[in-house]
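Residue numbers (our numbering), protein chains in the order written: chain B, 175 to 287; chain Z, -16 to 96.
These notes are about the structure you will find just below.
Shown next as structure tokens:
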């Protein structure tokens, strides 16, 4: 079956530190990959996505590259801000008969001023 | 910017009672979903809905669950006889068309006592 394994949290960083949240996946086909973010008290928001190998998704200073050879989609940001404090979810979808997103367990990020 | 809305934000019910969770998807979207997240666990797919019928459902979505799009704008999830283990955050999502992105609502926290 399909699964997403995400770096365990919580992660605590100081403002302007470099962020990496690891994500690896197992899929029976060729998935599209996503990072969703959940700010306190809010729903899941799409942060970025990549639909094929070597694609780089980017948004709000966050980046992730679809690595087929290592089945990974690690999230990075060069300089985090306090406002980036949230829970980050890696997810995949295989379009076709199954349209369900498969999520990782989420990583809580806290950025301290 | 259009968004998915969900009501109520928090529902408390007694075991054995019926609950209906409501969602208003984005107006021109065609695909609708329910997911749930038990506290501390992964976000899990429950059901997808397209063209007024269920297109996919997970093992969690048993006979106690049903979905409906009664009036062309609302999308509801009914749990016929709630159990303690149904306590979770329930997220509704909608998608414009195949291979587009799923947009999530803020969630309804269901507490079964």
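Even glycine gets a Cβ: it sits at the ideal position worked out from N, Cα and C.
Here the structure is a predicted model, which is why all the values come from computation and not from measurement.
Residue range of the unbroken beta strand (DSSP E) whose run includes residue i
| i | result |
| --- | --- |
| residue 267 of chain B | 260 to 267 |
| residue 233 of chain B | 230 to 233 |
| residue 9 of chain Z | Note, residue 9 of chain Z: premise wrong, no beta strand (DSSP E); not H, not E. |
| residue 168 of chain Z | Look at the range of chain Z in this structure, -16 to 96, and you will see that residue 168 of chain Z is not part of it. |
| residue 219 of chain B | 218 to 224 |
| residue -7 of chain Z | -7 to -4 |
| residue 177 of chain B | 177 to 180 |
| residue 309 of chain B | No answer is possible for residue 309 of chain B: the residues shown for chain B start at 175 and end at 287. |
| residue 32 of chain Z | 26 to 33 |
| residue 19 of chain Z | 14 to 20 |
| residue -14 of chain Z | Careful: residue -14 of chain Z lies outside any beta strand (DSSP E) and carries neither H nor E. |
| residue 61 of chain Z | 58 to 62 |
| residue 94 of chain Z | 91 to 95 |
7 Å CB neighbourhood of residue i in its chain, flanking five on each side removed
| i | result |
| --- | --- |
| residue 80 of chain Z | 13 |
| residue 67 of chain Z | -2 and 95 |
| residue 73 of chain Z | 4, 17, 19, 60, 90, 91 and 93 |
Within 7 Å, strictly: CB atoms of residue i and residue j
| i | j | result |
| --- | --- | --- |
| residue 178 of chain B | residue 283 of chain B | no |
| residue -6 of chain Z | residue 75 of chain Z | no |
| residue 210 of chain B | residue 263 of chain B | yes |
| residue 265 of chain B | residue 277 of chain B | yes |
| residue 268 of chain B | residue 175 of chain B | no |
| residue 61 of chain Z | residue 279 of chain B | no |
| residue 254 of chain B | residue 191 of chain B | yes |
| residue 199 of chain B | residue 245 of chain B | yes |
| residue 287 of chain B | residue 189 of chain B | yes |
| residue 95 of chain Z | residue 70 of chain Z | yes |
| residue 220 of chain B | residue 84 of chain Z | yes |
Beta-carbon contacts of residue i that lie in its chain and below 6 Å, excluding the five residues immediately before and after
| i | result |
| --- | --- |
| residue 223 of chain B | 208 and 231 |
| residue 225 of chain B | 206 |
| residue 40 of chain Z | 30 |
| residue 58 of chain Z | 6, 8, 15 and 52 |
| residue 32 of chain Z | 15 and 50 |
| residue 28 of chain Z | 18 and 41 |
| residue 195 of chain B | 181, 249, 262 and 281 |
8 Å CB neighbourhood of residue i in its chain, flanking five on each side removed
| i | result |
| --- | --- |
| residue 228 of chain B | 239, 240, 241 and 242 |
| residue -14 of chain Z | 9, 86 and 88 |
| residue 237 of chain B | 222, 230, 231, 249, 250 and 251 |
| residue 235 of chain B | 251, 252 and 253 |
Residue i beta carbon near the ligand MN (any heavy atom closer than 6 Å)
| i | result |
| --- | --- |
| residue 262 of chain B | What this structure holds is no ligand at all, so the ligand MN is not there to describe. |
Cutoff 7 Å: residue i Cβ touching any chain D Cβ
| i | result |
| --- | --- |
| residue 215 of chain B | No chain D appears in this structure, whose protein chains are B and Z. |
Taking a Cβ distance cut-off of 7 Å, strictly less, list which residues of the segment 69 to 89 of chain Z are near chain B, in chain order.
74, 81, 82, 84, 85, 87, 88 and 89
Taking Cβ-Cβ distances below 8 Å as the criterion, which residues of the segment 5 to 30 of chain Z are in contact with chain B?
14, 16, 18, 24, 25, 26, 27 and 28
Could you list the residues in the segment 270 to 287 of chain B with a C-beta less than 8 Å from some C-beta on chain Z, going in chain order?
271, 272, 273, 274, 275, 276, 277, 278, 279 and 280
When Cβ atoms are compared, which residues of the segment 48 to 69 of chain Z fall closer than 9 Å to chain B?
none
If the cut-off is 7 Å on Cβ atoms, which residues from the segment 240 to 269 of chain B count as contacting chain Z, listed in chain order?
263 and 269
If you measure beta-carbon to beta-carbon, which residues of the segment 213 to 228 of chain B are closer than 9 Å to chain Z?
215, 216, 217, 218, 219, 220, 223 and 225
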